[in-house]
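Here the protein sequences line up with chains E and R, keeping their order.
Just so we're aligned, residue 2 is where the first sequence starts under the numbering used here, counting upward by one.
Just so we're aligned, residue -16 is where the second sequence starts under the numbering used here, counting upward by one.
Some notes on the structure that comes next.
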Amino acid sequence: AQSVSQHNHHVILSEAASLELGCNYSYGGTVNLFWYVQYPGQHLQLLLKYFSGDPLVKGIKGFEAEFIKSKFSFNLRKPSVQWSDTAEYFCAVIRNTGGFKTIFGAGTRLFVKA
Amino acid sequence: SQTIHQWPATLVQPVGSPLSLECTVEGTSNPNLYWYRQAAGRGLQLLFYSVGIGQISSEVPQNLSASRPQDRQFILSSKKLLLSDSGFYLCAWSSQRENEQFFGPGTRLTVL
């Protein structure tokens, strides 16, 4: 069955540290990839997305993600985190075949210490 | 601009009682609509999705059902709630062309 794995459930960093959150998916076909973020008390919202083209995708607030097809990965990165990045991050995958079923990872809770 | 509403925001119901959670979308037409349940440490589980009025696809067999009586209205229901139905329920929409989903504020359901 199609699945999305996020390697870390909880991450604690100090401000200015670099961040990398891992995401791997199991589907072998063409996919669309997403990172969503949920800040405390707010709606789940899109951070960035990959549909095609340049595998290095830049999103809001200085985040970026790299699609590595050979590794079935879409890791999220930020060179220097801020306290305001404290949130839960979800990786998501949908098959690019006209389907509607988006598979979400279990989420990673990031806590950034000021 | 598009907005998505869910109500109620929180709900406490006894076991065996019925349930109706409502989701409405404004500012778009013919959206795809989704119901998810979010559990801590388990991500988002897709429960139902709909590509049009009266068209419902169920992803997980369970005690819940969904209906879409109008283009921008999506309802999650149960005839008799179970303790295991407690959780955080999210509604989302996407356009017919794009797969990016936009989420509502969610409903926290507690079944006692």
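Glycine included, C-beta positions come from ideal geometry on N, C-alpha and C.
Query	Result
Sort E:G23, E:V94, E:V32 by Cα distance to E65 of chain E and report the nearest one.	E:G23
CB-CB under 7 Å to G37 of chain R, same chain, minus the five flanking residues each way: which ones, in chain order?	R51
DSSP puts Q56 of chain R in a beta bridge; with which residues?	R:T7, R:Q53
Per the DSSP calculation, N82 of chain R is bridged to which residue(s)?	Looking at the DSSP assignment, N82 of chain R forms no beta bridge with any residue, so it has no partner.
How long is the line joining the alpha carbons of F73 of chain E and Y26 of chain E, rounded to whole angstroms?	6 Å
Where does I36 of chain R sit, in a helix, a strand or coil, going by DSSP?	coil
Could you name the residues of chain E that E42 of chain R contacts, counting a contact when the two beta carbons are closer than 9 Å?	K102
Determine which residues of the stretch 82 to 95 of chain R have a Cβ less than 9 Å from any Cβ of chain E, and write them out in chain order.	N82, E83, Q84, F85, F86, G87, P88, G89
In chain order, what residues of the same chain lie with their CB nearer than 8 Å to the CB of A22 of chain R, ignoring the 5 residues before and after it?	Q28, G70, F71
Going along the stretch 46 to 77 of chain E in order, which residues come within less than 9 Å of chain R, judged by CB to CB distance?	Q46, L47, K50, F52
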